Every structure is written in C-alpha cells, then in structure tokens.
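Under numbering that gives the first Met the number 0, the final residue of the sequence shown carries the number 381; numbering is consecutive throughout.
Even for Gly, the Cβ is constructed at its ideal location relative to N, Cα and C.
Remember, it's a predicted structure, so these values are computed and weren't measured experimentally.
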Amino acid sequence: MSFTLAMPQIAISGVGALEDAIELIASRGIRSVLLVTDEFLLRQNGTKKLRALLEAKKVQCHVFSDIEPNPTVHTVEAAYSSYECHRPSALIALGGGSVIDTAKAVRILSANQGPISNYEGVHHELKPGVYMVAISTTSGTAAEVTSNAVITDPVRRVKMVMISHSILPDVAVNDPSILVTMPKGITAATGMDAMTHAVEAYVSRGAHPLTDHSALEAIRIINKWLPVACDNGGDITAREMMAHGQYLAGMAFNSAGLGCVHSLAHQPGATHDLPHGVCNAILLPVVAEFNRCAAPERFARIAEAMGVDIQGMSEEQASREAIKAIRDLSAKVGIPERLGDFAISAEAIENWIEPALKDPCTSGNPRSIYEDDVRLLYMQAI
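Quick look at the structure:
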C-alpha cells in the first residue's frame with residue numbers, strides 16, 4: 000500500500016527561527032509582503048519584532064489584521080481584497096489556526112477563481128498560489144504544516160473544510176520565544192487540539208508507519224510538557240517542546256487524516272463560535288470511547304505513550320486507561336468537562352448531526368458512524 004507524506008518545503012524551528020525566516024524571505028528577493036494577523040497579535044512584541052526585521056531587510060510590509068476566531072467567508076473576502084490592493088510577492092501569516100487558515104484561503108484565491116466556497120472538500124488540482132510563510136503563535140493547531148483550512152460559512156452555519164496540498168505553506172516557522180506570552184487558557188486549548196490531532200491520526204483509517212511514529216511521539220511530548228507550559232508560560236523549554244509536539248502531530252494527521260472528534264467539534268464552533276481546541280478536548284474522550292473497540296491495541300499504545308504502566312494489563316484494560324489519561328490531562332490543564340458548560344442545549348445538537356456526518360474528517364474515523372451514534376455522542380458530551 001502506498002501513502003503520501005506532505006510537508007512544507009522548509010520548516011524552521013527553535014529560538015531564533017523568526018530571524019532565520021526573514022533572512023530566507025530576503026534571500027529570495029521578496030520585497031513586498033502582506034502580513035496576515037489579528038488585532039491582538041498586531042500589538043504584541045513578536046509582531047513588532049517581525050516588522051522591524053522586515054524593515055531592516057527593506058521588505059515592504061502591508062497588514063491585514065481584521066480576523067476573528069472561527070473566521071468566516073466574509074473575512075476571507077476582505078483579506079483577499081487587501082491582497083488584490085497591494086499585490087505582494089508573498090504572504091506572511093502570523094498567528095494560530097484562524098489567521099493561518101485565512102491566509103491559506105487567500106492563497107487559494109490568488110491563483111484560483113472565487114468564491115472560496117468553491118473549494119470546500121478535497122481538491123487535488125488547485126493551481127499553486129502566492130508564496131506563503133506561516134509563523135505559528137500557538138502550539139496546537141499545526142496549521143503551518145498542514146494542507147487543510149477551515150472557514151465558517153455564516154449563511155449555512157457550517158465550517159467548510161478545504162483540503163489541498165496546494166495550500167500547504169512553503170515555509171513553516173515555530174519560534175518558542177514568541178510563545179511565552181500566550182495566555183494559559185489558549186495554551187491549554189491549543190495544546191489539547193494538538194493532542195487530538197495525534198490521537199486521531201494514530202487510530203485513523205489512513206494511519207501508516209511514518210505517521211504512527213510521529214503521532215506517538217507527539218502524544219508523549221504533549222502529555223509531559225503541556226501541563227508545564229500551562230503552569231509556567233515563560234518556561235522556554237516547555238514552549239519549545241510543545242512546538243515540537245504539535246508539529247509532529249500536524250505531520251501525522253496531514254497524511255493519516257483525522258476522525259469524528261474533529262467532525263463533531265466543527266459544528267459547535269460554527270453555530271456557537273466556541274473555541275475549536277476546547278470543543279476537541281471535550282469530545283476527544285467521548286469519541287475515543289466510541290472508537291476504542293475498533294482499535295483496542297492502538298489505544299493501549301496511546302495509554303503507554305501517556306505514561307501509563309500497562310505491564311500485566313490486557314489490551315482491553317490498557318485501552319480503557321488511555322481514555323482515563325486523556326480525561327486526566329484535560330482536567331489538569333483546566334479544560335471544561337462538558338459542552339453543557341457553554342449553555343449548549345440538547346435541541347441545538349439536532350442541527351449538528353447532518354453536517355458532522357458530511358464533514359471530510361468523518362471518513363478517517365476507525366469505526367463507522369451513523370446518525371444515532373452522532374446524536375448519542377453529542378448527548379454524552381453535553
């Protein structure tokens with residue numbers, strides 16, 4: 000059986016990665032960029048440093064920063080208008096998943112006819128767009144290393160998942176020195192997003208030997224270092240290890256695919272604007288328990304990667320310990336236990352079932368899932 004492992008052309012990681020990325024941009028003769036970020040990040044020292052580095056290399060920097068969490072098609076249209084106005088030689092996305100996904104959507108439109116809704120689903124024949132550098136300011140979304148973008152359609156109230164290797168950033172940058180000011184809540188949510196990527200990639204129908212190694216190592220790293228990063232955001236070692244862990248998780252799921260944690264989590268994000276990482280964290284143990292019977296040996300390995308001593312346990316026992324370890328980690332970093340904590344009602348979930356089943360992530364789930372299953376899982380999460 001053949002498989003594909005798609006990655007950025009260049010990945011720059013570690014303290015000093017930001018400076019190295021700007022050197023690379025300048026060495027390519029790029030003299031004009033559109034910096035895509037959000038209003039909060041625009042005021043932070045990391046962004047100021049980036050703009051100073053660009054100025055020192057005489058690279059003109061235009062800015063688009065009107066990006067909200069769970070960006071919509073209207074946000075993409077505004078960002079693309081900014082691109083059309085300035086016609087830069089490259090995009091620099093500085094942010095988490097919302098920012099980088101917006102930039103990816105602009106990249107699609109820079110070479111392919113809009114609207115962006117044309118590209119919902121899997122597209123293998125997209126024309127490559129403008130050169131793109133993705134600088135992650137979180138340790139969780141892995142948007143800088145993946146071929147996916149998620150944009151909300153506010154009319155249909157669904158999250159559109161777009162998948163194409165043509166939107167994979169050319170350069171991925173993870174510099175832990177710009178992560179140290181990330182608030183605890185965002186650290187926890189994005190960290191559990193990364194854990195979800197790793198777990199789903201490891202049990203996915205598309206898992207293979209290369210993704211298995213990346214996913215398990217990501218699980219080990221995140222389980223060890225996420226609580227440290229949450230307790231002390233200034234711990235540069237914890238930040239660096241989380242950057243490595245989330246990148247490995249992104250490598251894994253970009254090839255292996257995801258599953259029903261993501262397809263179910265996309266819906267409350269679309270209709271109630273809930274944080275994606277928090278939705279994933281709440282749904283992960285619920286869906287994992289549903290999937291456990293389809294891959295008990297894999298969940299046993301997950302338990303082991305999370306530090307559980309499984310010696311003497313049956314695969315069944317060890318697989319159950321994996322679910323417990325996931326719940327324990329989520330609680331340790333302060334994630335709410337239930338979607339009901341966000342005033343989600345049982346009535347709301349009826350509108351989520353059909354789009355969850357149609358979500359591209361569902362096809363990777365290790366166990367077949369049907370309407371009644373989705374309803375029950377949502378009810379268990381509430």
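**OP:** Just grab the DSSP bridge partners of THR71 for me.
**Re:** Within the sequence shown, the letter at position 72 stands for residue 71. Beta-bridge pairing links THR71 to THR151.
Subject >> Limits of the unbroken beta strand (DSSP E) element including MET161 >> reply: As a position in the sequence shown, residue 161 is number 162, starting the count at 1. MET161 -> beta strand (DSSP E) spans 157-162.
Original post:
When burial is assigned at 16 or more other CB atoms within 10 Å of the CB, is ALA345 buried or exposed?
Top reply: As a working mapping, residue 345 is identified with position 346 in the sequence shown. It is exposed - the Cβ of ALA345 has fewer than 16 other Cβ atoms within 10 Å.
Subject >> Every unbroken alpha helix (DSSP H) inside the stretch 160-236 [4 residues or more] >> reply: 183-202, 208-230
Original post:
Between LEU375, GLN310, LEU93, GLU239, which lies nearest to ASN44 when the distance is taken from Cα to Cα?
Top reply: Reading the sequence shown from its first residue, position 45 is the one you call residue 44. When each option's Cα is compared against that of ASN44, the closest is LEU93.
**OP:** Counting only the same chain and skipping the five closest in sequence on each side, list residues whose C-beta sits under 6 Å from that of GLY333.
**Re:** Within the sequence shown, numbered from 1, the residue matching residue 333 stands at position 334. For GLY333, where only same-chain residues beyond five positions count, the Cβ hits under 6 Å are ALA187.
Subject >> contact_flag[the stretch 196-205, the stretch 160-176] where n(CB pairs < 8 Å) is 3 or more >> reply: The stretch 196-205 makes no contact with the stretch 160-176, as fewer than three CB pairs between them are under 8 Å.
Subject >> Per-residue DSSP class, three states only, for GLN43 >> reply: In the sequence shown, counting from the first residue as 1, residue 43 sits at position 44. Under the three-state reduction of DSSP output, GLN43 falls in the coil class, being neither helix nor strand.
**OP:** Give me the Cβ distance between ILE91 and ILE115, rounded to the nearest whole Å; I'm assuming they're in contact under 8 Å.
**Re:** In the sequence shown, the residue the question calls residue 91 occupies position 92. In the sequence shown, the residue the question calls residue 115 occupies position 116. No, ILE91 and ILE115 are not in contact; Cβ-Cβ is about 20 Å, not under 8 Å.
Original post:
Can you tell which of GLY233, ALA342, GLU320, ALA104 has its C-alpha closest to the C-alpha of TYR130?
Top reply: Residue 130 sits at position 131 when you count from the first residue of the sequence shown. Of GLY233, ALA342, GLU320, ALA104, the residue nearest in Cα terms is ALA104.
Subject >> Cross-strand partners of CYS60 (DSSP beta bridge) >> reply: Numbered from 1 along the sequence shown, position 61 holds the residue referred to as residue 60. In DSSP, CYS60 forms a bridge with VAL32.
**OP:** With distances taken Cα to Cα, identify the nearest neighbour of HIS207 among LEU257, MET159, TRP224, ASN222.
**Re:** Counting from one through the sequence shown, the residue named residue 207 turns up at place 208. Measuring from the Cα of HIS207, the nearest candidate turns out to be LEU257.
Original post:
GLY190 to THR101, Cα distance in whole Å?
Top reply: The residue given as residue 190 occupies position 191 in the sequence shown. The residue given as residue 101 occupies position 102 in the sequence shown. Approximately 21 Å, taken between the alpha carbons.
Original post:
Which residue or residues does DSSP assign as beta-bridge partners of SER135?
Top reply: For the purposes of this step, residue 135 is taken as the residue at position 136 of the sequence shown. DSSP lists GLY94 as partners of SER135.
Original post:
Could you give the uninterrupted runs of the alpha helix (DSSP H) lying entirely in the stretch 345-369, keeping only those of 4 residues or more?
Top reply: 349-357
Original post:
In three-state terms, what does DSSP make of VAL121?
Top reply: Taking the first residue of the sequence shown as position 1, residue 121 is located at position 122. The answer is strand: DSSP assigns VAL121 an E or B state.
Original post:
So, are the CB atoms of ALA302 and ALA317 less than 8 Å apart?
Top reply: Along the sequence shown, read from residue 1 onward, the residue named residue 302 stands at position 303. Along the sequence shown, read from residue 1 onward, the residue named residue 317 stands at position 318. Taking 8 Å as the Cβ cut-off, ALA302 and ALA317 qualify as a contacting pair.
Original post:
Can you check whether the CB of SER81 is closer than 8 Å to the CB of VAL32?
Top reply: Position 33 of the sequence shown, counted from the start, is the residue given in the question as residue 32. Position 82 of the sequence shown, counted from the start, is the residue given in the question as residue 81. In this structure, VAL32 lies away from SER81, with their beta-carbon atoms at least 8 Å apart.
Original post:
So what's ALA10 in DSSP terms, helix, strand or just coil?
Top reply: What you label residue 10 is simply residue 11 of the sequence shown in a count that begins at 1. Residue state, collapsed to three classes: strand.
Original post:
For the candidate residues MET312, GLU239, TRP224, ALA51, whose alpha-carbon lies nearest to that of VAL179?
Top reply: Counting from 1 along the sequence shown, the entry for residue 179 is found at position 180. When only C-alpha atoms are compared, the closest one is GLU239.
Subject >> Environment of PRO274 [buried if 16+ CB atoms lie within 10 Å] >> reply: One-based indexing of the sequence shown puts residue 274 at position 275. Flag for PRO274 reads buried.
Original post:
Secondary structure at ALA142, three-state DSSP: helix, strand or coil?
Top reply: Counted from its first residue, the sequence shown places residue 142 at position 143. Helix.
**OP:** Round the Cβ separation of LEU34 and ASP174 to the nearest angstrom and send it over; I've been treating them as touching at under 8 Å.
**Re:** For the purposes of this step, residue 34 is identified with residue 35 of the sequence shown, where counting begins at 1. For the purposes of this step, residue 174 is identified with residue 175 of the sequence shown, where counting begins at 1. The Cβ separation is near 16 Å, so there is no contact.
**OP:** Verify whether the separation of the beta carbon atoms of CYS360 and HIS261 is less than 8 Å.
**Re:** Here residue 360 refers to the residue found at position 361 when the sequence shown is read from its first residue. Here residue 261 refers to the residue found at position 262 when the sequence shown is read from its first residue. Against a cut-off of 8 Å, the Cβ pair of HIS261 and CYS360 comes out as a contact.
**OP:** Spatial neighbours of THR3 within its chain, please: CB distance less than 7 Å, with the 5 preceding and 5 following residues excluded, ordered by chain position.
**Re:** Within the sequence shown, the letter at position 4 stands for residue 3. Here the set comprises SER254.
**OP:** Could you please give me the residues that DSSP links to VAL377 through a beta bridge?
**Re:** Counting from 1 along the sequence shown, the entry for residue 377 is found at position 378. In the sequence under discussion, the amino acid at residue 377 is Tyr, which differs from the Val named in the question. Paired residues: none, contrary to the question.
Original post:
Which of the three DSSP states, helix, strand or coil, is assigned to ALA89?
Top reply: Reading the sequence shown from its first residue, position 90 is the one you call residue 89. In this structure, ALA89 counts as strand in the three-state DSSP scheme.
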